[in-house]
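**Student:**
Chains as they are written, first to last, in the working numbering: chain A, 999 to 1173; chain B, 19 to 359.
1) Residues of the stretch 1129 to 1155 of chain A in Cβ contact with chain B at a cutoff of 8 Å, in chain order, please.
2) For a contact meaning CB atoms closer than 8 Å, what does residue 25 of chain B contact in chain A?
3) Along the alpha helix (DSSP H) that carries residue 336 of chain B, what are the first and last residues, could you check?
4) Out of curiosity, what's the CA-to-CA distance linking residue 154 of chain B and residue 1051 of chain A?
5) What is the rounded straight-line gap between the Cα of residue 226 of chain B and the Cα of residue 235 of chain B?
6) If we count the other Cβ atoms within 10 Å of its Cβ and call it buried at 16 or more, is residue 1039 of chain A buried or exposed?
7) Can you find at least 3 beta carbon pairs, one from the stretch 1031 to 1038 of chain A and one from the stretch 1125 to 1141 of chain A, that sit closer than 8 Å?
8) Any beta carbon of chain E sitting closer than 8 Å to that of residue 1043 of chain A?
9) Which runs of the beta strand (DSSP E) at least 3 residues long sit entirely within the stretch 158 to 206 of chain B? Give them in chain order.
10) I need the DSSP call for residue 3 of chain B, collapsed to helix, strand or coil.
11) For residue 1024 of chain A, which residues in the same chain have their Cβ closer than 6 Å to its Cβ, ignoring the five residues on either side in sequence?
12) I want to verify the contact list: residues of chain A whose CB lies under 7 Å from the CB of residue 240 of chain B, in sequence order.
13) State buried or exposed for residue 268 of chain B, treating a residue as buried only when at least 16 other CB atoms are found within 10 Å of its CB.
14) Using a beta-carbon distance below 8 Å, is residue 1166 of chain A in contact with chain B?
15) Does DSSP classify residue 1114 of chain A as helix, strand or coil?
16) Take the Cβ of residue 121 of chain B as the centre, count every other Cβ of all protein chains shown within 10 Å, and call the residue buried at 16 or more, exposed below.
17) State the DSSP-derived secondary structure class of residue 43 of chain B, mapped to helix, strand or coil.
18) In chain order, what residues of the same chain lie with their CB nearer than 6 Å to the CB of residue 4 of chain B, ignoring the 5 residues before and after it?
19) Would you mind giving the Cβ-Cβ distance between residue 22 of chain B and residue 1161 of chain A, rounded to the nearest angstrom? I have them listed as a contact below 8 Å.
20) May I have the straight-line CA-CA distance separating residue 341 of chain B from residue 358 of chain B, to the nearest angstrom?
21) List the residues of chain A that residue 188 of chain B touches, going by C-beta distances under 9 Å, in chain order.
22) In angstroms with no decimal places, state the Cα-to-Cα distance between residue 1096 of chain A and residue 1150 of chain A.
23) Based on the DSSP output, what are the partners of residue 137 of chain B in its beta bridges?
24) Look up residue 91 of chain B in the DSSP assignment and say whether it is helix, strand or coil.
25) Is residue 28 of chain B close to chain A? Criterion is C-beta to C-beta, closer than 8 Å.
26) Assuming residue 309 of chain B is part of the beta strand (DSSP E), what are its boundary residues?
27) Taking only beta carbons into account, state which residues of the stretch 1054 to 1068 of chain A come closer than 9 Å to chain B, listed in chain order.
28) Does DSSP put residue 263 of chain B in a helix, a strand or coil?
29) Does any residue of chain B bring its CB to less than 8 Å from the CB of residue 1048 of chain A?
30) Are the stretch 207 to 224 of chain B and the stretch 109 to 123 of chain B in contact at 8 Å, needing three or more beta carbon pairs?
31) To be precise: take each residue of the stretch 30 to 42 of chain B, compare its Cβ to all Cβ atoms of chain A, and keep it if any distance is under 7 Å. Which residues remain?
32) Among B:305, B:263, B:351, B:315, which residue has its Cα nearest to the Cα of residue 339 of chain B?
33) Could you spell out the range, first to last residue, of the alpha helix (DSSP H) harbouring residue 24 of chain B?
34) Leaving out five residues before and five after residue 1135 of chain A in sequence, what residues of the same chain have Cβ atoms less than 8 Å from its Cβ?
35) Measuring alpha carbon to alpha carbon, tell me which residue in B:324, B:316, B:297, B:50 is nearest residue 308 of chain B.
36) Residue 279 of chain B and residue 330 of chain B: beta carbons closer than 8 Å?
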């Protein structure tokens, strides 16, 4: 058994590819996309995924033996996003320009989809996380509850309130 | 799934396509994991060094004081307040205080590149003027951050120093944080050792005040001020400590001269009762002086000298500590230049 904090050197730059590298190469893009939908900016997304992978790496021997490695690491990404220190960090992605114009998420077309994306990013963190896991990851309420460590009823409430806020942001009547 | 839910899924899936490319993820994670392990080992070593080092440091400071007057930046006082080592200075905000290298500047960590600025460390505190610019990366330094309401006053937590390799951080950014109650102190330094050392100085401000002798709340009675020193304690409108400073050498005399030269004013004639709400105050404390520089808009003035006095540019010159991050009323006579050290 690998103890927490023990160092399992699974390779280094220039060395032969390891199971960890192979898994990251395969699943890294999906993790970054999840992190990007959670955080709303590239810098924080990279930060979150790197943090989760850095925590997973020393325990990779053990993690690689669990039934669903993807779900396990996805949980670590969500936890890295919601951990206490991220909530208090500077949240804006630094950009090298004078902020005289409205900053729009780069390369997102200015259409309704983009409005909805931005409205989602403005949701309170707990609601946004629930919404992303429900409508981006397509998880069931029970799965979200297990992943985020809150009761299923709370997940449903967060999703409901998030949808209501999104309807309002989009100027649509609540159903 | 209704129409909004379907559009939401489409928006999230579409937006996710703008996620960064997974370049070097495994290597970055590996570097971060190594850094974390190194930080744990360094932290343990620092703890051992601290246990051995503190008595030595006390002896060294006392030894120096017994033989020489001591360097002007060292705050030596008999009130039980810790001394400040040479080459460092005190930075306090609300109920928390820390020591940083005296060479560190002040200001936002995000706008350092304005006007050809260099990537040099700063101390950032909430509020104050910020240039409307964000640089490609933040700079090194210490930032005080207000946590959301509802934190346990006695809560203490740590974010271990970790190498940050993602965009937005300066090169070799070793970042860690220490939280006390509702204040988070985040340190970014080019080496893990420096970040650890600075975070190791973060303390709650106790009943003796911070190392400059300033209380965390304006309502608390300050300790006596030793001869030859003058304390500058800046409080916000809620009465919480924003910044502190100790003047030594000839500076205290200059401050007292400026206070005594300020013209007396009729308090009632120039300050309507309705304007007497909570205001930002700079408290100037010397052995025989306890003056409050009230920066409250129409009622800006100096209290505590027997009769109220008008603010003068000389008094403001001393009252506005280097790195001043507050605001001053438009009707006060600002000095032609602000103190930088």
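Where a beta carbon is used, it is the ideal one built from N, C-alpha and C, also for glycine.
**Tutor:** Reading it off the structure:
1) Within the stretch 1129 to 1155 of chain A, the qualifying residues are 1129, 1130, 1133, 1134, 1136.
2) Counting from one through the second chain, the residue named residue 25 of chain B turns up at place 7. Correct list: 1110, 1111, 1114.
3) The sequence position of residue 336 of chain B within the second chain is 318, counting from 1. Element bounds for residue 336 of chain B: 331 to 337.
4) Counting from one through the second chain, the residue named residue 154 of chain B turns up at place 136. Counting from one through the first chain, the residue named residue 1051 of chain A turns up at place 53. Distance from the CA atom of residue 154 of chain B to the CA atom of residue 1051 of chain A, rounded to whole angstroms, is 25 Å.
5) Your numbering for residue 226 of chain B matches position 208 in the second chain. Your numbering for residue 235 of chain B matches position 217 in the second chain. Near 12 Å, if we compare the C-alpha coordinates of residue 235 of chain B and residue 226 of chain B.
6) Within the first chain, the letter at position 41 stands for residue 1039 of chain A. So residue 1039 of chain A ends up on the buried side.
7) Under the Cβ criterion (8 Å, minimum of three pairs), the stretch 1031 to 1038 of chain A counts as touching the stretch 1125 to 1141 of chain A.
8) Looking for chain E here will not work: the only protein chains present are A and B.
9) Scanning the stretch 158 to 206 of chain B from its first residue to its last, the whole beta strand (DSSP E) runs of 3-plus residues come out as 159 to 164, 174 to 182, 191 to 198.
10) This structure does not reach residue 3 of chain B, given that chain B is present from 19 up to 359, and the question cannot be answered.
11) Locating residue 1024 of chain A in the first chain gives position 26, where the first residue counts as 1. Excluding sequence positions up to five before and after residue 1024 of chain A, its CB lies less than 6 Å from no other CB in the same chain.
12) Here residue 240 of chain B refers to the residue found at position 222 when the second chain is read from its first residue. In chain order: nothing, as chain A lies at least about 30 Å away.
13) Mapped onto the second chain, residue 268 of chain B falls at position 250. Here residue 268 of chain B is exposed: its Cβ has fewer than 16 other Cβ atoms, across all protein chains shown, within 10 Å.
14) Residue numbering aside, residue 1166 of chain A sits at position 168 when the first chain is read from its first letter. It does not: the Cβ of residue 1166 of chain A has no partner Cβ on chain B nearer than 8 Å.
15) Translated into the one-based positions of the first chain, residue 1114 of chain A becomes position 116. Of the three classes helix, strand and coil, the one that applies to residue 1114 of chain A here is helix, per DSSP.
16) Within the second chain, numbered from 1, the residue matching residue 121 of chain B stands at position 103. Exposed, since its Cβ has fewer than 16 Cβ neighbours within 10 Å.
17) As a first step, residue 43 of chain B must be located in the second chain, where it is residue number 25. The three-state reading of DSSP puts residue 43 of chain B in helix, counting H, G and I together.
18) Residue 4 of chain B is absent from the structure shown; chain B starts at 19 and stops at 359.
19) Indexing the second chain from 1 puts residue 22 of chain B at position 4. Indexing the first chain from 1 puts residue 1161 of chain A at position 163. Indeed they touch by this definition, with Cβ atoms about 7 Å apart.
20) As a first step, residue 341 of chain B must be located in the second chain, where it is residue number 323. As a first step, residue 358 of chain B must be located in the second chain, where it is residue number 340. Using only the alpha carbons, I get a separation of about 7 Å.
21) Counting from 1 along the second chain, the entry for residue 188 of chain B is found at position 170. For residue 188 of chain B, there are no neighbours in chain A by C-beta distance under 9 Å, as the nearest C-beta there is about 10 Å away.
22) Position 98 of the first chain, counting from 1, holds the residue named residue 1096 of chain A. Position 152 of the first chain, counting from 1, holds the residue named residue 1150 of chain A. Only weak support is given to the placement of residue 1096 of chain A: the predicted model assigns it a pLDDT of 30, under 50, and the value that follows is read from those uncertain coordinates. Answer to the nearest angstrom: the Cα atoms are 44 Å apart.
23) Taking the first residue of the second chain as position 1, residue 137 of chain B is located at position 119. Per DSSP, none; premise fails for residue 137 of chain B.
24) In the second chain, the residue the question calls residue 91 of chain B occupies position 73. Low per-residue confidence applies at residue 91 of chain B: pLDDT is 31, beneath 50, and the placement is therefore not dependable enough to give any value.
25) As a position in the second chain, residue 28 of chain B is number 10, starting the count at 1. Interface residue, yes.
26) Sequence index remark: in the second chain, residue 309 of chain B carries index 291 (1-based). Looking at the DSSP string, the run of the beta strand (DSSP E) that includes residue 309 of chain B is 307 to 312.
27) Residues 1054, 1055, 1056.
28) Translated into the one-based positions of the second chain, residue 263 of chain B becomes position 245. Note: residue 263 of chain B maps to strand in three-state DSSP.
29) For the purposes of this step, residue 1048 of chain A is taken as residue 50 along the first chain, with counting starting at 1. Yes, residue 1048 of chain A counts as interfacial toward chain B.
30) Yes, the stretch 207 to 224 of chain B touches the stretch 109 to 123 of chain B.
31) Of all residues in the stretch 30 to 42 of chain B, only 30, 31, 32, 33, 34, 36, 37, 38, 40 come within less than 7 Å of chain A when Cβ atoms are compared, listed by chain position.
32) What you label residue 339 of chain B is simply residue 321 of the second chain in a count that begins at 1. The residue with the shortest Cα to Cα distance from residue 339 of chain B is B:263.
33) On the second chain, residue 24 of chain B is found 6 positions in, with the first residue counted as 1. Annotation for residue 24 of chain B: the continuous alpha helix (DSSP H) segment containing it runs 21 to 34.
34) Here residue 1135 of chain A refers to the residue found at position 137 when the first chain is read from its first residue. So the qualifying residues of the chain are 1032, 1072.
35) Mapped onto the second chain, residue 308 of chain B falls at position 290. Of the candidates B:324, B:316, B:297, B:50, the one whose C-alpha sits nearest the C-alpha of residue 308 of chain B is B:324.
36) Counted from its first residue, the second chain places residue 279 of chain B at position 261. Counted from its first residue, the second chain places residue 330 of chain B at position 312. Yes, the pair counts as a contact, with Cβ atoms nearer than the cut-off.
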